[in-house]
Amino acid sequence: MQNSTIRHDWTLAEIEAIYHQPLMHLLYQAQTIHRSQFNPNEVQAASLLSIQTGSCPEDCSYCPQSVHHQTDVEPEKMMDLDAVIAAAKKAKAMGATRFCMGSAVRKPTNRQLDAIIPMIHAVKALNLETCLTTGMLTETQAARLKVAELDYYNHNLDTSPEYYPEIITTRTYEDRLDTLATVQKAGLKVCCGGILGLGESLADRLSFLQQLTQLNPHPQSVPINQLIPTEGTPLANQEAVDPIEFVRVVATARILMPGAYIRLSGWRKVLSSETQTLCFFAGANSIFIGETLLTRKNSLPEEDQVLFNKLGLQLEMSPKYTEDVHRSIPTPITLSATTVS
Ligand code: DTB
Ligand code: SF4
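One gets the working numbering by counting positions in the sequence shown from 1 and adding 286 to each.
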């Protein structure tokens with residue numbers, strides 16, 4: 287097998303060709319690349335905590351925390367440090383190695399960051415990786431987070447640039463890319479993914495994946511969410527994503543971004559055990575564990591345990607430190623229907 291390198295110049299035609307292969311070819315390719323970079327029997331576990339909930343001025347159509355939608359979410363002010371530490375200890379006891387804190391704002395004030403930074407210190411002191419999501423950042427704020435030794439900043443692109451204005455009107459795709467650039471420039475690792483099931487087309491999904499590959503370095507962490515249709519939001523009645531389409535997106539993401547942790551994120555609980563299994567084979571290697579995500583329910587820990595036992599999968603004990611330099615990436619042999627007898 288030849289070796290290839292990490293690429294940031296994938297064309298849509300190339301991405302389409304990868305996505306549309308017969309599924310067995312696609313899975314084989316994705317798994318081949320996956321095992322060149324990671325232990326295929328290990329899955330990273332992250333845990334989420336909403337440290338400040340609701341009343342967000344942004345109008346993201348999928349989000350229960352937007353002030354523009356009437357949902358069951360009760361706004362809550364910033365959590366106390368002690369409560370955050372207690373949640374992080376619980377997550378660690380369950381096997382999480384990364385603790386992700388979310389605060390529902392368009393952009394944080396410096397006072398909000400003053401409250402968040404001790405949380406980062408405290409979570410790191412438990413020997414957990416830290417991730418924060420709190421909207422747009424200035425360069426100074428990103429630099430402060432770097433000094434605080436935050437590991438990851440989460441900022442999702444959600445969907446394609448073409449479809450984005452259908453989903454959010456209070457900010458632009460450019461705003462997102464600008465914050466991602468600010469975060470990367472500050473030297474923080476990036477967690478950046480999106481949501482399937484917003485009503486987007488296949489072309490949008492592929493264009494979204496292309497956008498992720500254009501980030502340089504690639505995001506080290508890529509959450510792939512399925513929409514959680516929530517009453518009171520404009521997307522309350524969206525249908526679930528076809529499971530095989532979901533698996534194809536995961537496999538394509540793995541092929542395009544060999545070194546990234548790809549996380550089955552929001553609404554994993556609606557994926558059957560079999561679909562999750564295919565996703566793991568396709569290169570997904572991270573999940574959220576614990577009963578709640580930010581405001582919605584997650585898969586039950588005991589169900590996750592049963593599935594992991596059946597599959598012989600284990601939670602990853604310590605993170606692989608991803609850089610934009612990898613072990614050599616095999617270029618999978620091109621399989622055509624006629625070469626396989
Ligand atoms: C991401 O891509 N998924 C997470 C995290 N980034 C912040 C959130 C998933 C669930 C959100 C729905 C909720 O629980 O309110
Ligand atoms: Fe929800 Fe975040 Fe959008 Fe605010 S910015 S509405 S918290 S997804």
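Even for Gly, the Cβ is constructed at its ideal location relative to N, Cα and C. The structure displayed is predicted, hence computed values, not measured ones.
CA-to-CA distance, residue j to residue i, given in whole angstroms
i           : j           : result
residue 387 : residue 365 : 11 Å
residue 562 : residue 326 : 14 Å
residue 352 : residue 345 : 6 Å
residue 629 : residue 532 : Nothing can be reported for residue 629, as the shown portion of the chain is limited to 287 through 627.
residue 303 : residue 538 : 10 Å
residue 288 : residue 358 : A caution first: residue 288 carries a pLDDT of 39, below 50, which makes its placement in the model unreliable, though a value can still be read off. In a straight line, the C-alpha of residue 288 is about 53 Å away from that of residue 358.
residue 594 : residue 510 : 20 Å
residue 477 : residue 534 : 20 Å
residue 238 : residue 521 : Lying outside 287 to 627, the shown extent of the chain, residue 238 is not represented and no answer is given.
residue 276 : residue 362 : As displayed, the chain neither begins before 287 nor continues past 627, which places residue 276 out of reach and without an answer.
residue 332 : residue 475 : 15 Å
residue 606 : residue 600 : 15 Å
residue 536 : residue 454 : 24 Å
residue 313 : residue 432 : 37 Å
residue 591 : residue 585 : 10 Å
residue 467 : residue 557 : 33 Å
residue 284 : residue 589 : Residue 284 is absent from the model: the chain starts at 287 and stops at 627.
residue 382 : residue 297 : 36 Å
residue 494 : residue 461 : 15 Å
residue 490 : residue 542 : 16 Å
residue 530 : residue 553 : 16 Å
residue 424 : residue 402 : 16 Å
residue 459 : residue 582 : 26 Å
residue 315 : residue 330 : 21 Å
residue 435 : residue 449 : 35 Å
residue 568 : residue 370 : 34 Å
residue 317 : residue 508 : 17 Å
residue 611 : residue 292 : With a pLDDT of only 44 at residue 611, under the threshold of 50, the placement of this residue in the model should not be trusted; the figure read from the coordinates follows. Their backbone Cα atoms lie some 8 Å apart in a straight line.
residue 633 : residue 347 : In the structure displayed, the chain extends from 287 to 627; residue 633 sits before or after that span and is not available.
residue 518 : residue 321 : 42 Å
residue 528 : residue 472 : 38 Å
Near ligand 1: residue i beta-carbon under 8 Å from a heavy atom
i           : result
residue 395 : no
residue 321 : no
residue 481 : yes
residue 655 : There is no way to answer for residue 655, as the model of the chain reaches only from 287 to 627.
residue 615 : no
residue 550 : no
residue 579 : yes
residue 474 : no
residue 440 : yes
Closer than 8 Å: residue i CB and nearest ligand 2 heavy atom
i           : result
residue 591 : no
residue 604 : no
residue 352 : yes
residue 390 : yes
residue 362 : no
residue 344 : yes
residue 510 : no
residue 417 : no
residue 454 : yes
residue 450 : no
residue 421 : yes
residue 349 : yes
Per DSSP, the bridge partner or partners of residue i
i           : result
residue 440 : 477
residue 362 : 339
residue 332 : 384, 574
residue 352 : 342
residue 389 : 338
residue 600 : 328
Cβ-heavy atom distance, residue i to ligand 3, below 8 Å
i           : result
residue 368 : Here the bound small molecules are ligand 1 and ligand 2; ligand 3 is not part of this structure.
- Is the region 387 to 402 touching the region 337 to 356, taking contact as three or more C-beta pairs under 8 Å? Enough Cβ pairs lie closer than 8 Å, so yes.
- Message: At 3 residues or longer, what runs of the beta strand (DSSP E) sit wholly inside the region 392 to 424?
- Response: Secondary structure within the region 392 to 424: the beta strand (DSSP E) runs of 3 or more consecutive residues, fully enclosed, are 415 to 419 (chain order).
- Task: Evaluate the contact criterion for the region 403 to 412 versus the region 374 to 381: three or more CB pairs, one atom per stretch, below 8 Å.
- Result: yes
- Ordered list of beta strand (DSSP E) runs contained in the region 542 to 588, each at least 3 residues: You should have 547 to 550, 572 to 574.
- Item | Stretch-stretch touch, CB-based, cutoff 8 Å, three pairs: the region 441 to 454 with the region 476 to 487 | yes
- Message: Would you call the region 540 to 552 in contact with the region 567 to 581, where contact means no fewer than 3 C-beta pairs closer than 8 Å?
- Response: Touching, per the Cβ criterion.
- Task: Go through the region 480 to 523 residue by residue and report every complete run of the alpha helix (DSSP H) that reaches 4 residues or more, in order.
- Result: 488 to 500
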